[in-house]
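S.K.: Heads up: the sequence shown begins at 22 in our numbering, then just goes up one per residue.
Sending over a structure as C-alpha coordinates; questions will come in a sec.
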Amino acid sequence: DVVIRRLVLYLRILDELDLVDGDAYISSQDLGDRAGVSPAQVRKDLASFGEFGKQGVGYNARYLREELRSILNLHQRVGVAVIGVGELGTALARYISRRAGRGERYPFHVAALFDTDPRKVGQTVDPGLEILPAERLAEEIGKRGVDIAIITVPASAAQGVADVCVEAGVKAILNFAPVKLFVPDDVRVHYSDVSLELQQLAYHLS
(Lines of atoms letter the chains of each structure in order from A and count residues from 1; the text may use other names and numbers.)
(Lines give C-alpha, C1' and ligand atoms only; values in the text may rest on other atoms or scores of the structure.)
Protein backbone atom coordinates (compact mmCIF):
# COMPACT_ATOMS: atom_id res chain seq x y z
CA ASP A 1 0.00 0.00 0.00
CA VAL A 2 2.88 2.39 0.72
CA VAL A 3 4.32 1.89 -2.77
CA ILE A 4 0.91 2.32 -4.38
CA ARG A 5 0.40 5.54 -2.42
CA ARG A 6 3.68 6.85 -3.84
CA LEU A 7 2.72 5.79 -7.37
CA VAL A 8 -0.48 7.81 -7.00
CA LEU A 9 1.63 10.78 -5.89
CA TYR A 10 3.99 10.39 -8.87
CA LEU A 11 1.00 10.32 -11.19
CA ARG A 12 -0.43 13.47 -9.62
CA ILE A 13 2.89 15.22 -10.17
CA LEU A 14 3.00 14.14 -13.81
CA ASP A 15 -0.62 15.22 -14.29
CA GLU A 16 0.26 18.68 -13.01
CA LEU A 17 3.16 19.09 -15.45
CA ASP A 18 2.54 20.89 -18.72
CA LEU A 19 3.38 17.99 -21.04
CA VAL A 20 3.02 19.82 -24.34
CA ASP A 21 6.23 18.26 -25.60
CA GLY A 22 5.72 14.53 -26.08
CA ASP A 23 9.47 14.02 -25.70
CA ALA A 24 9.72 15.76 -22.32
CA TYR A 25 11.72 13.81 -19.75
CA ILE A 26 11.74 13.93 -15.98
CA SER A 27 14.57 12.61 -13.84
CA SER A 28 14.21 10.48 -10.74
CA GLN A 29 15.84 13.39 -8.88
CA ASP A 30 13.19 15.85 -10.03
CA LEU A 31 10.32 13.42 -9.44
CA GLY A 32 11.72 12.55 -6.01
CA ASP A 33 12.14 16.20 -5.03
CA ARG A 34 8.54 16.93 -5.95
CA ALA A 35 7.28 13.83 -4.11
CA GLY A 36 9.47 14.28 -1.05
CA VAL A 37 11.36 11.00 -1.49
CA SER A 38 14.85 10.06 -2.64
CA PRO A 39 15.70 9.42 -6.31
CA ALA A 40 16.65 5.87 -5.32
CA GLN A 41 13.16 5.34 -3.88
CA VAL A 42 11.57 6.57 -7.11
CA ARG A 43 13.68 4.19 -9.18
CA LYS A 44 12.94 1.28 -6.84
CA ASP A 45 9.19 1.94 -6.86
CA LEU A 46 8.99 2.14 -10.64
CA ALA A 47 11.31 -0.82 -11.21
CA SER A 48 8.83 -2.99 -9.31
CA PHE A 49 6.46 -2.63 -12.28
CA GLY A 50 8.79 -2.53 -15.27
CA GLU A 51 11.56 -0.65 -17.03
CA PHE A 52 10.39 2.89 -17.75
CA GLY A 53 13.51 5.06 -17.80
CA LYS A 54 16.84 5.51 -19.54
CA GLN A 55 19.99 5.80 -17.49
CA GLY A 56 21.36 9.32 -17.66
CA VAL A 57 18.21 10.61 -19.38
CA GLY A 58 15.30 9.89 -17.06
CA TYR A 59 11.70 9.01 -17.80
CA ASN A 60 9.61 10.07 -20.75
CA ALA A 61 7.02 11.97 -18.73
CA ARG A 62 4.03 11.34 -20.96
CA TYR A 63 4.81 7.64 -21.36
CA LEU A 64 5.37 7.21 -17.62
CA ARG A 65 2.09 8.98 -16.88
CA GLU A 66 0.16 6.60 -19.13
CA GLU A 67 1.91 3.56 -17.68
CA LEU A 68 1.10 4.65 -14.13
CA ARG A 69 -2.53 5.18 -15.06
CA SER A 70 -2.60 1.63 -16.43
CA ILE A 71 -0.89 0.15 -13.35
CA LEU A 72 -3.37 1.93 -11.06
CA ASN A 73 -6.38 0.88 -13.17
CA LEU A 74 -7.17 4.51 -13.90
CA HIS A 75 -7.39 4.05 -17.67
CA GLN A 76 -11.01 2.96 -17.28
CA ARG A 77 -14.12 4.47 -15.72
CA VAL A 78 -14.58 3.59 -12.05
CA GLY A 79 -18.09 3.64 -10.61
CA VAL A 80 -18.50 4.91 -7.05
CA ALA A 81 -21.51 4.52 -4.76
CA VAL A 82 -21.99 6.76 -1.73
CA ILE A 83 -24.02 5.15 1.04
CA GLY A 84 -25.21 7.68 3.60
CA VAL A 85 -25.98 11.06 2.02
CA GLY A 86 -25.55 13.36 4.99
CA GLU A 87 -23.28 16.41 4.91
CA LEU A 88 -20.12 14.36 4.34
CA GLY A 89 -21.67 12.01 1.80
CA THR A 90 -23.17 14.93 -0.09
CA ALA A 91 -19.86 16.78 -0.18
CA LEU A 92 -18.01 13.71 -1.45
CA ALA A 93 -20.61 12.99 -4.12
CA ARG A 94 -20.52 16.58 -5.37
CA TYR A 95 -16.73 16.63 -5.41
CA ILE A 96 -16.49 13.45 -7.48
CA SER A 97 -19.31 14.49 -9.79
CA ARG A 98 -17.92 17.95 -10.45
CA ARG A 99 -14.37 16.70 -11.02
CA ALA A 100 -15.73 14.21 -13.53
CA GLY A 101 -17.76 16.94 -15.21
CA ARG A 102 -14.81 19.23 -15.89
CA GLY A 103 -13.56 17.14 -18.77
CA GLU A 104 -10.39 16.23 -16.88
CA ARG A 105 -8.84 12.80 -17.14
CA TYR A 106 -10.65 11.82 -13.96
CA PRO A 107 -11.81 8.18 -14.05
CA PHE A 108 -14.24 8.24 -11.13
CA HIS A 109 -17.95 8.90 -11.48
CA VAL A 110 -20.86 8.68 -9.05
CA ALA A 111 -22.83 5.61 -10.07
CA ALA A 112 -25.37 5.74 -7.23
CA LEU A 113 -26.34 7.41 -3.95
CA PHE A 114 -28.23 5.67 -1.14
CA ASP A 115 -29.84 6.76 2.11
CA THR A 116 -32.33 5.37 4.64
CA ASP A 117 -34.06 8.72 5.25
CA PRO A 118 -37.31 8.78 3.23
CA ARG A 119 -37.17 12.58 3.22
CA LYS A 120 -33.95 12.45 1.20
CA VAL A 121 -34.95 9.69 -1.22
CA GLY A 122 -35.75 11.12 -4.63
CA GLN A 123 -33.85 14.35 -4.02
CA THR A 124 -30.78 15.25 -6.09
CA VAL A 125 -27.45 16.48 -4.75
CA ASP A 126 -26.29 17.49 -8.24
CA PRO A 127 -27.97 17.25 -11.66
CA GLY A 128 -28.51 13.58 -12.41
CA LEU A 129 -27.51 12.40 -8.93
CA GLU A 130 -30.72 11.16 -7.35
CA ILE A 131 -30.73 9.60 -3.90
CA LEU A 132 -32.06 6.05 -3.92
CA PRO A 133 -33.60 4.16 -0.98
CA ALA A 134 -31.05 2.09 0.93
CA GLU A 135 -33.17 -1.06 0.60
CA ARG A 136 -32.31 -1.06 -3.12
CA LEU A 137 -28.58 -1.16 -2.41
CA ALA A 138 -28.00 -4.82 -3.32
CA GLU A 139 -30.17 -4.57 -6.43
CA GLU A 140 -28.62 -1.39 -7.82
CA ILE A 141 -24.91 -1.99 -7.15
CA GLY A 142 -24.50 -4.58 -9.89
CA LYS A 143 -26.92 -2.86 -12.22
CA ARG A 144 -25.08 0.47 -12.02
CA GLY A 145 -21.52 -0.84 -12.27
CA VAL A 146 -20.33 0.10 -8.79
CA ASP A 147 -16.64 -0.66 -8.25
CA ILE A 148 -16.01 1.26 -5.02
CA ALA A 149 -18.41 1.86 -2.13
CA ILE A 150 -17.96 4.93 0.06
CA ILE A 151 -19.59 4.36 3.45
CA THR A 152 -20.60 7.49 5.36
CA VAL A 153 -23.22 6.05 7.71
CA PRO A 154 -23.20 5.87 11.53
CA ALA A 155 -20.86 3.29 13.05
CA SER A 156 -23.77 1.08 14.11
CA ALA A 157 -24.90 0.67 10.50
CA ALA A 158 -21.54 0.41 8.73
CA GLN A 159 -20.98 -3.35 9.00
CA GLY A 160 -24.45 -4.12 7.66
CA VAL A 161 -23.88 -1.80 4.70
CA ALA A 162 -20.49 -3.38 4.04
CA ASP A 163 -22.03 -6.86 4.12
CA VAL A 164 -24.59 -5.91 1.48
CA CYS A 165 -21.94 -4.27 -0.70
CA VAL A 166 -19.65 -7.29 -0.53
CA GLU A 167 -22.50 -9.68 -1.26
CA ALA A 168 -23.35 -7.57 -4.32
CA GLY A 169 -19.79 -7.87 -5.63
CA VAL A 170 -18.02 -4.72 -4.43
CA LYS A 171 -14.28 -5.34 -3.99
CA ALA A 172 -13.18 -1.96 -2.61
CA ILE A 173 -14.60 0.14 0.23
CA LEU A 174 -13.68 3.58 1.56
CA ASN A 175 -15.05 3.68 5.10
CA PHE A 176 -15.63 6.97 6.91
CA ALA A 177 -17.54 5.37 9.79
CA PRO A 178 -15.43 5.15 12.98
CA VAL A 179 -15.50 1.36 13.15
CA LYS A 180 -13.47 -1.55 11.82
CA LEU A 181 -15.19 -3.55 9.09
CA PHE A 182 -14.90 -7.31 8.74
CA VAL A 183 -14.81 -8.36 5.11
CA PRO A 184 -13.40 -11.27 3.07
CA ASP A 185 -9.68 -11.26 2.27
CA ASP A 186 -10.28 -10.34 -1.36
CA VAL A 187 -12.07 -7.10 -0.42
CA ARG A 188 -9.93 -4.03 0.20
CA VAL A 189 -11.02 -1.54 2.86
CA HIS A 190 -9.45 1.86 3.44
CA TYR A 191 -10.37 3.95 6.46
CA SER A 192 -10.72 7.71 6.79
CA ASP A 193 -11.56 8.97 10.27
CA VAL A 194 -11.40 12.77 10.40
CA SER A 195 -11.94 12.89 14.17
CA LEU A 196 -9.07 10.46 14.76
CA GLU A 197 -6.74 12.49 12.55
CA LEU A 198 -7.63 15.71 14.38
CA GLN A 199 -6.98 14.09 17.76
CA GLN A 200 -3.57 12.91 16.59
CA LEU A 201 -2.71 16.38 15.31
CA ALA A 202 -3.86 17.94 18.59
CA TYR A 203 -1.16 15.97 20.41
CA HIS A 204 1.52 17.82 18.45
CA LEU A 205 0.21 21.24 19.47
CA SER A 206 1.72 21.01 22.94
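Glycine included, each C-beta is placed from N, C-alpha and C at the ideal position.
Would you kindly report the start and end of the unbroken beta strand (DSSP E) that includes V174?
M.R.: Here residue 174 refers to the residue found at position 153 of the sequence shown. From DSSP, V174 is part of no beta strand (DSSP E); its letter is neither H nor E.
S.K.: Can you check whether the CB of A179 is closer than 8 Å to the CB of I171?
M.R.: Counting from 1 along the sequence shown, the entry for residue 171 is found at position 150. Counting from 1 along the sequence shown, the entry for residue 179 is found at position 158. Not a contact, by the Cβ cut-off of 8 Å.
S.K.: Assuming the contact rule is C-beta atoms closer than 8 Å, S48 and G79 should be a hit. Round their C-beta distance to whole Å, please.
M.R.: Start at 1 with the first residue of the sequence shown, and residue 48 comes out as number 27. Start at 1 with the first residue of the sequence shown, and residue 79 comes out as number 58. The pair is a contact, with the Cβ atoms about 4 Å apart (cut-off 8 Å).
S.K.: Taking the alpha-carbon of V200 as reference, which of S177, V187, V208 has the nearest alpha-carbon?
M.R.: Within the sequence shown, the letter at position 179 stands for residue 200. Checking every option, the nearest Cα to that of V200 belongs to S177.
S.K.: Which same chain residues, not among the five before or five after D147, have their C-beta less than 6 Å away from its C-beta?
M.R.: By one-based count along the sequence shown, residue 147 stands at place 126. Counting only Cβ-Cβ distances below 6 Å, and skipping sequence neighbours, we find R115, S118.
S.K.: Mapping DSSP to helix, strand and coil, what is K75?
M.R.: Position 54 of the sequence shown, counted from the first residue, corresponds to residue 75. K75 falls in the strand class under three-state DSSP.
S.K.: Is the region 191-198 touching the region 217-226 in the sense that three or more CB pairs, one from each, lie closer than 8 Å?
M.R.: Too few Cβ pairs lie closer than 8 Å, so no.
S.K.: Check whether the Cβ atoms of F202 and A183 sit closer than 8 Å, and answer yes or no.
M.R.: For the purposes of this step, residue 202 is taken as the residue at position 181 of the sequence shown. For the purposes of this step, residue 183 is taken as the residue at position 162 of the sequence shown. Correcting the residue type first, residue 202 is Leu in the shown sequence and not Phe. In this structure, A183 lies closer than 8 Å to L202 by Cβ.
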